[in-house]
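J.: Read in order, the letters of the sequence shown correspond to residues 532 to 629 in my numbering.
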Amino acid sequence: MTTGISTAATNIPEEIRRQLRRSREIVVLLTPESVNRPWVLLEVGAAWGLSRRMRITPVLCHTPFDMIPDMIRNKKAIRLNEMNAYLAELSRRVESGT
């Protein structure tokens, strides 16, 4: 799977915005260390702003549900050990075009 993000001298914030606009779904890995990181919150906020057309799935790794940022707390979160089931569901959605 490719992210579409170039590794050569890229303006990272602009590239993130560009890729978010192209996306229909975002997976947010939340760990105790990442949950309050500015970049994670910035990307989640940008995705949340596009949420009418974007599915946001928080993935929790050693992180309790109550640590999910407020703006995405109402999204269906999964635990990291449920990732295979999520990927199977994602594959079905991609194949069906939904």
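Where is the CB? At the ideal position from N, CA and C, for every residue including glycine.
Which residue comes first and which comes last in the alpha helix (DSSP H) that contains E556?
T.: Run containing E556: none in the alpha helix (DSSP H); it sits in the beta strand (DSSP E), E556 to L561.
J.: State the Cα-Cα distance for the pair Q550 and I587, rounded to the nearest angstrom.
T.: Roughly 14 Å separates the two Cα atoms.
J.: Between the segment 611 to 623 and the segment 573 to 585, do three or more beta carbon pairs fall short of 8 Å?
T.: Touching, no, given that fewer than three Cβ pairs across the two stretches are closer than 8 Å.
J.: With distance defined between alpha-carbon atoms, name the residue in W579, K606 and T594 nearest to L561.
T.: Taking only the C-alpha atoms, the option nearest L561 is T594.
J.: Count the other C-beta atoms from every protein chain shown that fall within 10 angstroms of the C-beta of T533, then say buried if there are 16 or more, exposed otherwise.
T.: Below a pLDDT of 50, predicted positions are generally treated as unreliable, and T533, at 49, falls in that range; the measurement from the model is reported next regardless. It counts as exposed.
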